[in-house]
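Numbering (the working numbering), first residue to last: 35 to 513. To start, the structure under review is shown below, and the notes come after it.
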Amino acid sequence: MEETPELKICQDFVFETNKSFSIVTSQKALELYSKKLESALGFENEIPIFLDTNVLLDYYRISFSERAELIKFFETNKERIYITKQIETEFLRHRIDHIRSYLKSLDEFVNAYRNIRAEIERLKNGEIKGFDHYINKNIILKNDYQDLRKELSTFNETLKDKLKNLFSESDFEEQIEEKEGKIEEIRKRLEGQADIERNDPLLNVISKFQITPELSEEEEVVLKNQFNDLTSIYSTVKNDQNKNWKSTFPGCGDKKENPYGDFIIYHEMIKFLKSNQTDAVFLTNDVEKNDWLSKKKAEYKPYTHYIINSYSLSEQTLFIFNAQDKIRVSYSPVYTEIKEDVLINDDIEKLIETSDSSSSDMEKHLKVVGKINLDNHKYNFYSEYDDITKEEFLRELAESEKWAKTYGSDFVGLNSFVVKYLGAKGYHYRSSYNIKDELLKEGLVEVYTHTPEDSFYNQVEAIKLSKKTNCNGLEGNER
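Shown next, in the form of structure tokens:
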């Protein structure tokens with residue numbers, strides 16, 4: 035029996051832009067994509083899952099509770115999770131830097147409170163920072179305005195007495211000690227879990243993933259030459275929003291010295307699809323560059339020519355999804371082990387006020403990570419943020435509940451869901467809270483207090499679909 039020659043990446047097996055694919059190839063590629071999309075979204079039929087480097091490295095910048103959820107997802111699906119050789123190389127190259135960035139943030143977390151504690155101690159002693167120096171050292175005040183100086187000095191002494199009395203007549207001292215105790219307990223917990231350079235749960239589970247073979251030097255040369263050729267074409271239209279999408283390719287948004295990584299990763303996956311005659315899912319958080327998915331307002335959608343290219347090369351379908359849409363963690367860079375970052379009402383109001391500001395201001399506060407929904411064609415280019423609909427709210431909550439039940443702590447925190455998750459996906463805070471209130475009145479959702487088993491954690495206001503919604507099904511409520 036004649037052996038099948040090993041598949042090699044060559045000039046006839048590379049991604050093309052502006053290529054005229056045949057009607058038959060285009061129709062077949064898009065038909066299969068649409069037919070299999072629902073199954074791929076649900077990770078059905080043991081479809082292989084590829085994880086981008088950023089999905090792995092982002093583990094080191096999120097809370098420990100969310101890390102635990104990620105590890106559980108990885109562990110549960112380890113038999114079908116793949117990383118390419120390029121992704122392995124990038125992960126190992128940047129892993130220690132990400133860990134040490136986290137450790138630096140831990141130091142900042144502790145030192146910031148120490149500074150606050152020192153300021154409180156000064157207030158307890160009646161000291162107002164800079165006041166004595168202003169009275170005694172300011173040349174103009176000292177030489178020319180003695181009456182004002184005496185008046186300010188008397189006022190300063192009055193403030194000192196009032197501050198001393200305030201601290202002595204209240205439970206401030208007890209509160210200070212209580213807060214310091216909590217900070218110290220958190221510090222000990224975090225430091226105890228922070229030795230992950232040598233004892234790393236993520237590295238342990240990644241070692242169980244399957245890794246694609248390394249490309250040969252000849253294959254990499256072909257890809258780099260093709261990348262350079264495609265870049266030349268893209269550079270002529272990249273500022274023209276009406277034309278640049280046609281010339282977009284994996285990696286075209288990279289500005290680093292060695293920009294070939296994403297292009298290599300794409301072809302490693304396509305080679306895997308072709309060799310193993312299988313479809314696959316690729317999860318990435320690298321969506322802001324618009325070279326994996328196309329951004330339309332807060333939506334991230336697949337490029338049609340990516341779908342056709344992938345099928346033309348492999349006769350299989352590669353589904354590229356925003357990782358956060360499938361891995362239901364916020365990816366917010368928090369540095370405590372608190373399972374739910376409970377926001378007091380004033381904090382929520384500030385966030386809502388911020389969300390009413392211009393889109394340019396909002397971009398400074400939140401990174402929009404988008405969502406994928408091929409049936410939604412509501413684009414509004416004048417605002418970066420969407421007003422969520424009832425149907426979208428219920429659908430997102432249902433997915434978050436599934437994730438929480440399978441990989442999390444079996445509850446969805448209300449503020450975390452609205453602010454961290456929906457907000458990060460591009461939904462307006464005020465709209466989300468208003469929709470929550472409407473759904474609550476209609477009996478489609480329930481808000482309750484979740485009490486963690488570990489007494490170290492505070493109670494959390496949580497949200498869930500009501501029995502009415504679960505009985506009728508989401509489709510019934512969306513009609």
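Glycine included, each C-beta is placed from N, C-alpha and C at the ideal position.
Neighbourhood of residue i by C-beta distance below 8 Å, restricted to the same chain and skipping five residues each side
i       : result
Lys-470 : Phe-427, Leu-448, Val-452, Val-479, Val-481, Ile-497
Tyr-168 : Leu-175, Leu-186
Phe-77  : Ile-83, Asn-111, Val-315, Lys-360
Asn-324 : Thr-282, Gly-287
Asn-52  : Ile-267, Lys-280, Ser-281
Ser-135 : Tyr-94, Arg-95
Leu-600 : Any answer about residue 600 is impossible in this case: the structure gives the chain only from 35 up to 513.
Given residue i as reference, the closest of the options once Cα atoms are compared
i       : options                            : result
Gln-45  : Glu-231, Leu-264, Glu-214          : Leu-264
Glu-155 : Leu-307, Ser-202, Leu-236          : Ser-202
Arg-183 : Tyr-345, Gln-358, Asn-172          : Asn-172
Asn-319 : Val-363, Ala-152, Ser-346, Thr-351 : Val-363
Phe-98  : Gly-442, His-484, Asn-468          : Gly-442
Asp-131 : Ile-150, Val-89, Arg-95, Ser-73    : Arg-95
Glu-254 : Gln-493, Ser-135, Lys-42, Leu-499  : Lys-42
Phe-137 : Glu-109, Arg-221, Gly-164          : One point to set straight first is that residue 137 is Leu, not Phe, in the sequence displayed. Considering only alpha carbons, the answer is Arg-221.
Asn-262 : Glu-251, Ser-250, Pro-284          : Pro-284
Ser-17  : Asn-356, Thr-351, Leu-352          : Shown here, the chain extends from 35 to 513; a query on residue 17 therefore has no answer.
Tyr-455 : Tyr-337, His-301, Glu-100          : Glu-100
Phe-143 : Asn-468, Ile-217, Thr-440, His-301 : Ile-217
Glu-103 : Glu-208, Pro-235, Thr-188, Tyr-179 : Pro-235
Thr-351 : Glu-476, Glu-113, Ser-60           : Ser-60
Val-48  : Phe-353, Ile-304, Asp-313          : Ile-304
Ile-105 : Asn-468, Thr-440, Asp-488, Lys-459 : Thr-440
Boundaries (first-last residue) of the alpha helix (DSSP H) holding residue i
i       : result
Tyr-514 : With the chain represented from 35 up to 513, any question about residue 514 goes unanswered, as that position is not in the structure.
Leu-71  : 57-75
Ser-346 : 338-348
Thr-440 : 424-440
Val-239 : 235-240
Asn-145 : 119-158
Asn-278 : Here Asn-278 belongs to no alpha helix (DSSP H), and DSSP marks it neither H nor E.
Lys-475 : 463-475
Lys-330 : Looking at the DSSP string, Lys-330 is not in any alpha helix (DSSP H); the run it does join, the beta strand (DSSP E), is 328-330.
Asp-359 : 357-360
Beta strand (DSSP E) segment containing residue i, residue limits
i       : result
Tyr-334 : 333-335
Leu-85  : 83-85
Lys-171 : Careful: Lys-171 lies outside any beta strand (DSSP E), inside the alpha helix (DSSP H) at 165-171.
Thr-318 : 314-318
Glu-291 : No beta strand (DSSP E) contains Glu-291, which DSSP labels as neither H nor E.
Val-481 : 479-484
Glu-495 : 494-499
Phe-98  : Careful: Phe-98 lies outside any beta strand (DSSP E), inside the alpha helix (DSSP H) at 98-110.
Ser-443 : Where Ser-443 is concerned, there is no enclosing beta strand (DSSP E), given that its DSSP letter is neither H nor E.
Residue i versus residue j - alpha carbon distance
i       : j       : result
Arg-148 : Gly-215 : 12 Å
Gln-358 : Glu-435 : 15 Å
Asn-145 : Ser-139 : 10 Å
Lys-194 : Asn-159 : 7 Å
Leu-237 : Glu-50  : 35 Å
His-128 : Leu-91  : 8 Å
Asp-409 : Ser-54  : Since pLDDT at Asp-409 reaches only 37, below the 50 mark, its modelled position is unreliable, and the value read off the structure follows with that caveat. Rounded to whole angstroms, Asp-409 to Ser-54 spans 26 Å at the Cα level.
Val-321 : Val-256 : 26 Å
Glu-80  : Lys-213 : 48 Å
Asn-307 : Ile-230 : Per the sequence presented here, residue 307 reads as Leu, with Asn not at that position. Taking the straight line joining both Cα atoms gives about 34 Å.
His-301 : Glu-430 : 32 Å
Asp-141 : Lys-163 : 25 Å
Phe-206 : Leu-197 : 11 Å
Tyr-413 : Val-58  : With a pLDDT of only 32 at Tyr-413, under 50, the local geometry of the prediction cannot be trusted, and the value read off the model is given with reservation. Taking the straight line from one Cα to the other gives about 30 Å.
Tyr-340 : Lys-501 : 41 Å
Asp-444 : Ala-438 : 5 Å
Thr-192 : Glu-161 : 11 Å
Ser-68  : Glu-219 : 51 Å
6 Å CB neighbourhood of residue i in its chain, flanking five on each side removed
i       : result
Thr-461 : The sequence as given places Tyr at residue 461; Thr does not occur at that position. The answer, listed in chain order, is Asp-420, Ile-422.
Glu-248 : Lys-119
Phe-125 : Thr-87, Leu-90
Pro-486 : none
Phe-165 : Asn-190
Lys-258 : Tyr-294
Val-309 : The question names Val, but residue 309 is Ser in the sequence shown. So the list reads Leu-41, once near-sequence residues are dropped.
His-484 : Phe-445, Val-494, Ala-496
Phe-353 : Ala-74, Val-315
Neighbourhood of residue i by C-beta, 7 Å cutoff - its chain only, sequence neighbours within 5 removed
i       : result
Ser-465 : Asp-421, Ile-422
Ile-133 : Tyr-94, Ile-230, Glu-231
Glu-109 : Val-239
Gly-477 : Ser-500, Lys-502
How do the stretch 333-351 and the stretch 286-297 stand: do at least 3 beta-carbon pairs fall below 8 Å, yes or no? By the Cβ rule, the stretch 333-351 does not count as touching the stretch 286-297, because fewer than three pairs are nearer than 8 Å.
Would the stretch 57-64 and the stretch 268-280 be scored as touching if the rule is three or more Cβ pairs under 8 Å? Fewer than three beta-carbon pairs drawn from the stretch 57-64 and the stretch 268-280 are found closer than 8 Å, and the two stretches are therefore not classed as touching.
Count Cβ pairs between the stretch 113-126 and the stretch 242-256 that sit closer than 8 Å; are there 3 or more? By the Cβ rule, the stretch 113-126 counts as touching the stretch 242-256, because three or more pairs are nearer than 8 Å.
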